[in-house]
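S.K.: For reference, the structure I am asking about is given below.
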Amino acid sequence: MNEQLRAISELDRVIHEPGRLMIVALLAGVKECDFQFLLTETKLNKGNLSSHLAKLEAAGYVEIEKTYRGKLPMTLLRLTRAGHKAFEDYRKGLLAAF
Amino acid sequence: MKNRIVLQFQLWRAARRAVRSGQTDDLRKLVEENPELKERLPVGRIEPVVKGIEESRRLLQISQRPRQYAVTNGMGEIGWGTAMLCFALSSYASTILPASPWRGRVGMFFFVSVCLAMPFCLWASKRLVVQPRIGYVAFRRDKTWWLGMVVAAGISIALSFWLIPEMIHAASPSAPHAVAAAAAGHAEPSRGDRLLIAGNGLMGAILYLMFNAVSIREHRWKWLCFILILAMPPVIGHLHPGNFFEMSPPATLFQGSVYLLSGAITLVWFLRLHHLIAPAAE
Numbered sequence: 180m181n182e183q184l185r186a187i188s189e190l191d192r193v194i195h196e197p198g199r200l201m202i203v204a205l206l207a208g209v210k211e212c213d214f215q216f217l218l219t220e221t222k223l224n225k226g227n228l229s230s231h232l233a234k235l236e237a238a239g240y241v242e243i244e245k246t247y248r249g250k251l252p253m254t255l256l257r258l259t260r261a262g263h264k265a266f267e268d269y270r271k272g273l274l275a276a277f
Numbered sequence: 314m315k316n317r318i319v320l321q322f323q324l325w326r327a328a329r330r331a332v333r334s335g336q337t338d339d340l341r342k343l344v345e346e347n348p349e350l351k352e353r354l355p356v357g358r359i360e361p362v363v364k365g366i367e368e369s370r371r372l373l374q375i376s377q378r379p380r381q382y383a384v385t386n387g388m389g390e391i392g393w394g395t396a397m398l399c400f401a402l403s404s405y406a407s408t409i410l411p412a413s414p415w416r417g418r419v420g421m422f423f424f425v426s427v428c429l430a431m432p433f434c435l436w437a438s439k440r441l442v443v444q445p446r447i448g449y450v451a452f453r454r455d456k457t458w459w460l461g462m463v464v465a466a467g468i469s470i471a472l473s474f475w476l477i478p479e480m481i482h483a484a485s486p487s488a489p490h491a492v493a494a495a496a497a498g499h500a501e502p503s504r505g506d507r508l509l510i511a512g513n514g515l516m517g518a519i520l521y522l523m524f525n526a527v528s529i530r531e532h533r534w535k536w537l538c539f540i541l542i543l544a545m546p547p548v549i550g551h552l553h554p555g556n557f558f559e560m561s562p563p564a565t566l567f568q569g570s571v572y573l574l575s576g577a578i579t580l581v582w583f584l585r586l587h588h589l590i591a592p593a594a595e
């Protein structure tokens with residue numbers, strides 16, 4: 180197989196989806212953030228965002244912590260070590276693939 | 314043959330720069346300007362390379378985007394401006410106010426305000442401005458952040474050591490310029506005093522640029538503030554001659570006012586652009 184084609188086929192499909200790519204790219208730059216922050220930044224609706232986060236959590240890329248700020252529920256989100264590595268690999272993969 | 318080697322080197326350098334900084338203009342230009350390269354690397358092959366580099370760079374920019382909220386709301390400028398104003402006012406308080414127990418308390422109030430203004434404004438920026446409008450976000454303090462802190466501390470310490478002898482000399486009543494000034498009835502700034510006050514303006518301007526590194530592209534009027542902060546201290550020193558300690562309070566007062574005004578305008582702009590979000594179940 181052509182090297183470029185192989186690099187394209189090796190791109191991480193969990194991250195490759197635009198919504199999830201946006202989430203991972205945003206989480207890569209911060210230590211942690213809440214659900215509201217991602218909602219404001221990505222402009223996705225709550226259902227879509229939750230579903231993408233669930234997939235990223237299942238892949239082990241995102242850590243989700245349910246907590247409270249005062250009496251209000253708060254969902255804290257962090258990129259795991261595997262998530263950071265996957266994002267970096269994806270960026271490098273982009274350079275190799277195209 | 315030589316030209317080919319040079320061209321190959323230029324291509325390698327442009328590609329390297331593009332991968333490092335994400336700036337692909339040079340790479341595109343080089344390929345377009347050299348028919349030889351176009352033949353060997355047809356646009357169909359160079360375009361995906363450029364796109365891959367740009368895409369990768371864009372992803373990096375997205376990941377750096379959340380940090381912008383911490384610096385584009387003007388609270389840093391307000392904090393620094395308040396600290397500068399309080400610092401200048403504490404100098405005025407000790408010279409203008411009549412001798413009484415209140416003079417010390419007013420001076421202490423301004424001194425405490427200098428110390429607390431910046432931490433309070435940074436806290437307020439996070440908790441009262443960004444969090445209710447954008448959401449909660451905490452930043453990682455990576456190697457670059459710590460490196461920046463170490464470099465800033467190093468520069469501050471080096472500058473202090475460099476300036477302390479000048480300041481002691483300027484403050485000394487036996488300094489030649491001070492003796493001459495006392496004889497003439499007014500203080501005439503020495504070369505060292507002028508240097509210090511110009512340095513004051515330069516440091517203020519560099520710090521202003523650091524505060525506004527992100528937002529100055531959008532708010533062109535901030536260049537005017539930058540020029541005022543840079544140029545006005547020597548002008549004030551000229552209009553209000555004396556040694557450095559006499560010229561410094563009005564210069565600091567002016568710089569603080571510009572910082573405060575600039576920060577207030579930026580904050581109003583930020584608040585108008587980002588509205589409060591109603592807390593809801595997630």
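Respectively, the protein sequence lines represent chains A and F. To convert, count from 1 in the first sequence and add 179; that's our numbering. To convert, count from 1 in the second sequence and add 313; that's our numbering. Every residue gets a Cβ at the ideal spot worked out from N, C-alpha and C, and that includes glycine. Note that the structure is a prediction, hence the values are computed from the model and not measured.
Using 10 angstroms around the beta-carbon of A412/F, count the other beta-carbons present and answer buried if the total reaches 16, otherwise exposed.
M.R.: Per the 10 Å Cβ criterion, exposed.
S.K.: Should Q568/F be labelled buried (16 or more other beta-carbon atoms within 10 Å of its own) or exposed?
M.R.: Burial call: buried.
S.K.: Classify A233/A: buried if its beta carbon has 16 or more other beta carbons within 10 angstroms, exposed otherwise.
M.R.: That one is exposed.
S.K.: The beta strand (DSSP E) with V241/A in it runs from where to where?
M.R.: Counting along the chain, the beta strand (DSSP E) containing V241/A begins and ends at 241-248.
S.K.: Residue ranges of each beta strand (DSSP E) run of no fewer than 3 residues wholly in the stretch 396-447 of chain F, ordered along the chain?
M.R.: Correct list: empty.
S.K.: Does the beta-carbon of W393/F have 16 or more other beta-carbons within 10 angstroms, so that it is buried, or is it exposed?
M.R.: Buried is the call here.
S.K.: Short of 9 Å Cβ to Cβ, which residues in the stretch 200-215 of chain A face chain F?
M.R.: The stretch 200-215 of chain A vs chain F, Cβ under 9 Å: L200, M201, V203, A204, L205, L206, A207, G208, V209, K210, E211, C212, D213, F214, Q215.
S.K.: Step through the CB atoms of chain A and report whether any lies within less than 9 Å of the CB of F583/F.
M.R.: No, its Cβ sits nowhere closer than 9 Å to a Cβ of chain A.
S.K.: Who are the near neighbours of V203/A in its chain, counting only those whose CB is closer than 6 Å to its CB and skipping five residues on each side?
M.R.: If we look at V203/A and ignore the five residues flanking it on each side, its Cβ neighbours are I194, F266.
S.K.: Can you check whether the C-beta of L373/F is within less than 9 Å of a C-beta belonging to chain A?
M.R.: Yes, contact with chain A.
S.K.: Strictly under 9 Å for the Cβ-Cβ distance: is V571/F near chain A by that measure?
M.R.: It does not: the Cβ of V571/F has no partner Cβ on chain A nearer than 9 Å.
S.K.: Can you check whether the C-beta of L235/A is within less than 9 Å of a C-beta belonging to chain F?
M.R.: No, its Cβ sits nowhere closer than 9 Å to a Cβ of chain F.
S.K.: Using the Cα positions of L543/F and G387/F, report the straight-line distance between them to the nearest angstrom.
M.R.: Whole-angstrom Cα-Cα distance: 19 Å.
S.K.: So, is P478/F buried or exposed, given that buried needs 16 or more other C-beta atoms within 10 angstroms?
M.R.: Answer is exposed; the Cβ neighbour count stays below 16.
S.K.: In angstroms with no decimal places, state the Cα-to-Cα distance between L398/F and E559/F.
M.R.: L398/F and E559/F: Cα-Cα distance of roughly 15 Å.
S.K.: Cα separation between R507/F and E345/F?
M.R.: Computed Cα separation, rounded: 52 Å.
S.K.: Could you list which residues in chain A have their beta carbon closer than 7 Å to that of R453/F, in chain order?
M.R.: Going along chain A in sequence order, the residues near R453/F (Cβ under 7 Å) are V209, K210.
S.K.: Does N224/A pass the burial test, meaning 16 or more other C-beta atoms within 10 Å, or should it be called exposed?
M.R.: Result: exposed.
S.K.: Below 8 Å, how does it come out for the stretch 467-477 of chain F and the stretch 234-248 of chain A: are there three or more Cβ pairs, yes or no?
M.R.: No: the two stretches stay apart, fewer than three of their Cβ pairs being nearer than 8 Å.
S.K.: Looking at chain F, is there any beta carbon in it that lies within less than 9 Å of the beta carbon of Y247/A?
M.R.: By this cut-off, Y247/A is not an interface position.
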